[in-house]
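Data block below; observations after.
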Amino acid sequence: MIRWADKEDLAGLVQVELAADRTFVPLGIVFPPGTTMIEECDDPGRVIVAGRPPVGFALLGQVDGSTHLDQLAVDPDHQGQGVGTRLIEAVCDAAAATSDAITLTTFRDVPWNAPWYARRGFEVLPPESWGPELRALVEHERALGLEIAPRVVMRKTL
Numbered sequence: 006m007i008r009w010a011d012k013e014d015l016a017g018l019v020q021v022e023l024a025a026d027r028t029f030v031p032l033g034i035v036f037p038p039g040t041t042m043i044e045e046c047d048d049p050g051r052v053i054v055a056g057r058p059p060v061g062f063a064l065l066g067q068v069d070g071s072t073h074l075d076q077l078a079v080d081p082d083h084q085g086q087g088v089g090t091r092l093i094e095a096v097c098d099a100a101a102a103t104s105d106a107i108t109l110t111t112f113r114d115v116p117w118n119a120p121w122y123a124r125r126g127f128e129v130l131p132p133e134s135w136g137p138e139l140r141a142l143v144e145h146e147r148a149l150g151l152e153i154a155p156r157v158v159m160r161k162t163l
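Going by the numbering used here, the residue at position 91 of the sequence shown is 96; the numbering climbs one at a time, nothing skipped.
Right, dumping it as structure tokens:
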């Protein structure tokens, strides 16, 4: 069941995000310690979840006038079951109501990152096409230590 989050869902999503982050460890990608992305969100209207209790979520924002996928996370026990695909479809449907495109930043070479999004219609957006907010976001990610492995910006026209 894909739905908008309830306020009560938000705290439990931290564990989903941390569990999903651990799937990167075998690839040598360890996220810097600190606050998770979902902990910074207090607005359930920015979060689409899968399940009750949630086993995955998508955190949405706005960048340069377009919807931006800040985070997509699925609990490893539920990966490979189409949860991420259903979430990204719901994200695109929601974004289409207010935006002509959706952007995201992701790891270029991680199979469940850029290649996965590419199979769902996202394309790498070259730096010369980034708006000022997207450029600032990429710089912010670098400052936080997220440039652990090559990253790309991707965009899907809706």
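Backbone N, C-alpha and C define an ideal beta-carbon position, used for all residues, glycine too.
For residue i, the first and last residue of its enclosing beta strand (DSSP E)
i: residue 76; result: 71-79
Selection from the options that minimises the alpha carbon distance to residue i
i: residue 55; options: 100, 90, 161 and 118; result: 90
i: residue 8; options: 63, 32, 118 and 44; result: 63
i: residue 107; options: 156, 83, 135 and 84; result: 135
i: residue 84; options: 150, 10, 22 and 159; result: 22
i: residue 13; options: 140, 73, 42 and 57; result: 57
i: residue 126; options: 94, 81 and 66; result: 94
i: residue 130; options: 158, 123 and 142; result: 158
i: residue 155; options: 144, 163 and 111; result: 111
Where the alpha helix (DSSP H) through residue i begins and ends
i: residue 140; result: 137-149
i: residue 100; result: 88-101
i: residue 124; result: Segment: none, residue 124 is in no alpha helix (DSSP H) and carries neither H nor E.
i: residue 47; result: No alpha helix (DSSP H) contains residue 47, which DSSP labels as neither H nor E.
Bridge partners - residue i, DSSP secondary structure assignment
i: residue 63; result: 53 and 77
i: residue 12; result: According to DSSP, which records beta bridges pairwise, residue 12 is partnered with nothing at all.
i: residue 42; result: Residue 42 pairs with nothing; no bridge assigned.
i: residue 112; result: 156
i: residue 7; result: 55
i: residue 106; result: 162
i: residue 129; result: 159
The region 10-22 in contact with the region 59-74 per 3-pair CB rule at 8 Å: Yes: at least three Cβ pairs fall under 8 Å.
Sufficient close CB pairs (3 or more, under 8 Å) joining the region 94-102 to the region 40-47: no
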